[in-house]
Amino acid sequence: MKCPSCHADNKDTASNCKKCGSPMTAEPLYAPTKEWHLKTLSVIYGILIVVFFFLNWLLKPYMRHIPPDVTPWLHNGDGIHK
Ligand SMILES: [Zn+2]
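Using my numbering, read the sequence shown as starting at 39 and increasing by one per residue.
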């Protein structure tokens, strides 16, 4: 195991470097913050919403038409016998 600050070889069990004395637990190089998570999630959800509407538009010609008998409230009286 190498020291994170001076790269000297140390025992794996060492808690401090034998050469420079700095702690052997390396700091994480990148620790995302809450803001980063919110930003990333909003980007992901934004993409999903765009993809949803795009697929909706793309597949519109292939969608089955619902018979008017099933949804009379959508076709206010036309074609329906009252
Ligand atoms: Zn060191």
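C-beta atoms are modelled at their ideal positions from N, C-alpha and C, and glycine is treated no differently.
Values in this document were obtained by computation on a predicted structure and should not be read as measured data.
- Take MET39, set aside five residues on each side of it, and the residues of its chain with a beta-carbon closer than 8 Å to its own are ASP47, ASN48, LYS49, ASP50, ALA52, MET62, in chain order.
- Beta-carbon to beta-carbon, CYS44 and LYS56 are separated by about 10 Å, too far to satisfy the 8 Å threshold.
- For the pair HIS113 and PRO105, the CB atoms are not nearer than the 7 Å cut-off.
- Residue side-chain check: SER43 places its Cβ nearer than 6 Å to a non-hydrogen atom of ligand 1.
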